[in-house]
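Student: I'd like to ask you about the structure that follows.
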Amino acid sequence: MTTTTVAPRLAAQELRSGRRSGGADHGRPSFAWALPATLFFGFFAIVPLVLVVALSFMSWNGIGEAEYVGLANWRRLAADPTMIQSLWLSVLLTALGVAVQTPLSLLIGVWAAGHQRNRAVLSAIFFLPLLLSATAVSVLWRALLDPNFGVPGQASWLFGDGNLFGSRTGAIGVLVFVSSWQFIPFHALIYQGSARTIPAVLYQAAEVDGAGRWGQFRHVTLPQLRNAMITSVVLMVVGGLTTFDTVLILTQGGPGTDTTISAYYMYEQAFRSFDFGAGAAIALLLVVVATIISLIVVKVSGYDKMRSTMEGL
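Under numbering that gives the first Met the number 0, read the sequence shown as residues 0 to 312, first letter to last.
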């Protein structure tokens, strides 16, 4: 009786002492493990963000001394129709990107997680766009879609006059297509890794219950990929709202201002008009909008209430 009583006490004391001493066998790692990443994040993310906040209340042309102007930059942007339009265009392009990329990357990722013949070779070919920069991809598609020498010019029966960049609908369609072509492989990779962690016993149980291939996908695969889907959507939202180089190379905000999204308008204000205060205000607004949308996605999906199975270690 004494032995059975003392043993748990000794084990509990040993666990507590291991936590206090930061032992490797018990308890969480000490803060020292996170210190390098914390310093890196603080120096390259928090400090620049604080400087952007301060600059948004300044008037600075990039050369002389910055002058404090209070809310003048914000009031001017609030009354600027191009700024309001750019914000809606950013949200529109982001929503279209999510609507196009999510189902395609989900299907491709689940397929790539299987054991089909030549799957590894086809997956490697499909993931090649991930090796290219957004600039290289934009230059490539700009040449392929050139209205004079590209594919549309040689297939007038399909593209009409061949100038996809000459209308708002065509330009937005090109931006969505090019972004999807480059980033669908990335999100498919997320789904592929998550699909491979689904226990095979779940599919076996579903098959015993009479579920076919579609039933297994709907009732087993999709629920198990919920976390991966939320992560993918949040990354799409942040990436869509901060898209810049694709617009710069493909459309340059045109025709007119029909594809002038907020990130590109920030570039125009800061580096073409040399109004760095207004550019900083736009950048800060994008951070706020991206954060709000990401929090809404997390809240609506219930992701914030999920807990890891390792919680408490």
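A virtual CB, placed ideally from N, CA and C, is assigned to each residue, including glycine.
May I ask you to list the residues that DSSP assigns as paired with Ser58?
Tutor: In the DSSP output, where bridge partners are listed per residue, Ser58 has Glu66.
Student: CB-CB under 8 Å to Ala154, same chain, minus the five flanking residues each way: which ones, in chain order?
Tutor: Answer for Ala154: Gly161, listed in chain order.
Student: So, does the CB of Phe176 fall closer than 8 Å to a CB anywhere in chain B?
Tutor: As a matter of chain content, chain B is missing from the structure shown, which is built from one protein chain.
Student: Three or more C-beta pairs under 8 Å: does that hold for the stretch 233–240 against the stretch 86–96?
Tutor: As far as the Cβ criterion goes, the stretch 233–240 touches the stretch 86–96, which means the pair count is three or higher.
Student: Starting from the N-terminal side, write out each stretch of the alpha helix (DSSP H) that is 4 residues or longer and does not extend beyond the stretch 113–192.
Tutor: For the stretch 113–192, whole alpha helix (DSSP H) runs of length 4 or above, ordered along the chain, are 118–125, 133–143, 150–153 and 155–158.
Student: To the nearest angstrom, how far is the alpha carbon of Trp110 from that of Ala98?
Tutor: Taking the straight line joining both Cα atoms gives about 19 Å.
Student: Nearest by alpha-carbon distance to Thr220: which of Gln203, Tyr264 and Trp156 is it?
Tutor: Thr220 has its Cα closest to that of Gln203, out of Gln203, Tyr264 and Trp156.
Student: Is Ala33 helix, strand or coil by DSSP?
Tutor: In the structure shown, Ala33 sits in coil (DSSP, three-state: anything other than H, G, I, E or B).
Student: Quick check: Ser55 and Tyr264, are their CB atoms within less than 8 Å of each other?
Tutor: No. Outside cutoff.
Student: With distances taken between CB atoms, is the gap from Gly214 to Ala205 smaller than 8 Å?
Tutor: A contact, by the Cβ cut-off of 8 Å.
Student: Give me, in chain order, the residues of the same chain whose beta-carbon lies closer than 8 Å to that of Ser293; leave out the 5 immediate sequence neighbours on both sides.
Tutor: Around Ser293: Val233, Val236 and Val237.
Student: Suppose the cutoff is 8 Å on Cβ atoms and the five residues either side in sequence are ignored; what does the same chain contact list for Val173 look like?
Tutor: Hits under 8 Å: Trp140, Leu144, Leu163, Phe164, Leu249 and Thr250.
Student: CB-CB under 6 Å to Asn60, same chain, minus the five flanking residues each way: which ones, in chain order?
Tutor: Hits under 6 Å: Phe273.
Student: So the candidates are Trp87, Phe182 and Pro35; which of them puts its Cα closest to the Cα of Ala289?
Tutor: Among Trp87, Phe182 and Pro35, the Cα nearest to that of Ala289 is on Trp87.
Student: According to DSSP, simplified to helix, strand and coil, what is Asp24?
Tutor: At Asp24 the pLDDT is 49, less than 50, meaning the model places this residue with poor confidence; the figure from the coordinates comes in the next sentence. Coil, per DSSP.
Student: Quick one: what does DSSP say Arg271 is sitting in, helix, strand or coil?
Tutor: Three-state DSSP puts Arg271 in a helix.
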